[in-house]
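Okay, so here's the structure we're looking at.
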Amino acid sequence: MNIFRELKNLALEKINEGKLSYTFGDLNFQFYESNVCEFNISTITADFPVIKFEERSDEIFTVAVAEKNGTEEILYAKSKQFQMDDSITTLLRYFDYGKDINIVVGDLLKL
Numbered sequence: 002m003n004i005f006r007e008l009k010n011l012a013l014e015k016i017n018e019g020k021l022s023y024t025f026g027d028l029n030f031q032f033y034e035s036n037v038c039e040f041n042i043s044t045i046t047a048d049f050p051v052i053k054f055e056e057r058s059d060e061i062f063t064v065a066v067a068e069k070n071g072t073e074e075i076l077y078a079k080s081k082q083f084q085m086d087d088s089i090t091t092l093l094r095y096f097d098y099g100k101d102i103n104i105v106v107g108d109l110l111k112l
């Protein structure tokens, strides 16, 4: 998986299958049944979700990340918007704090 559109498609596939949770590698996904594609991801060591994705339009994801390795809540005030065709690795440029974001991006690239 390399771009956000592929991540969105995975989320929609799981939601359509009736799966509201999914685990891959060190990642735990939690999907929401809503009018938009919305989900969060935590790592197996995190106390809180590490990253949240919410579709704003067919072409935009708003992404927010927890600042301190899953030991605190997600910082929605520092959210960023990404185009669906942007590389998942751009998360590292905008959210360059904490080890969990590196784990998330690394495992997403393996999907």
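Quick note on this note's numbering: the sequence shown kicks off at 2 and runs consecutively.
We put the CB at the ideal spot given by N, CA and C, even for glycine.
Secondary structure of residue i, DSSP reduced to three states
i, result
"A47", "coil"
"E60", "coil"
"K81", "strand"
Delimiting residues of the beta strand (DSSP E) encompassing residue i
i, result
"T90", "Neither: T90 is in no beta strand (DSSP E) and is coded neither H nor E."
"F25", "22-25"
Host alpha helix (DSSP H) of residue i (start-end)
i, result
"N103", "100-111"
"N29", "Unbroken run through N29 is the beta strand (DSSP E), 28-32; no alpha helix (DSSP H)."
"K9", "5-17"
Residue i and residue j closer than 9 Å at C-beta
i, j, result
"D101", "T46", "yes"
"F83", "F5", "yes"
"G26", "K111", "yes"
"C38", "E60", "no"
"F32", "T24", "no"
"E34", "L21", "yes"
"N36", "S88", "no"
7 Å CB neighbourhood of residue i in its chain, flanking five on each side removed
i, result
"E74", "F49, A67"
"F40", "A12, F30, Q31, F32, Y33, F54"
"Y98", "E68"
Cβ shell of residue i (< 8 Å), same chain only, five flanking positions each side left out
i, result
"N103", "L93"
Rounded Cβ spacing between residue i and residue j (contact assumed at less than 8 Å)
i, j, result
"F81", "V64", "Note on identity: in this sequence residue 81 is Lys, with Phe being the wrong assignment. Contact holds; Cβ gap of about 6 Å."
"I16", "L28", "Their Cβ separation, rounded to whole angstroms, is 16 Å, which puts I16 and L28 out of contact at 8 Å."
Close-in-space but distant-in-sequence residues of the same chain around residue i (CB under 6 Å, 5 per side omitted)
i, result
"A78", "none"
Residue i at chain D interface by Cβ criterion, 9 Å
i, result
"V37", "No chain D is present in this structure, which holds just one protein chain."
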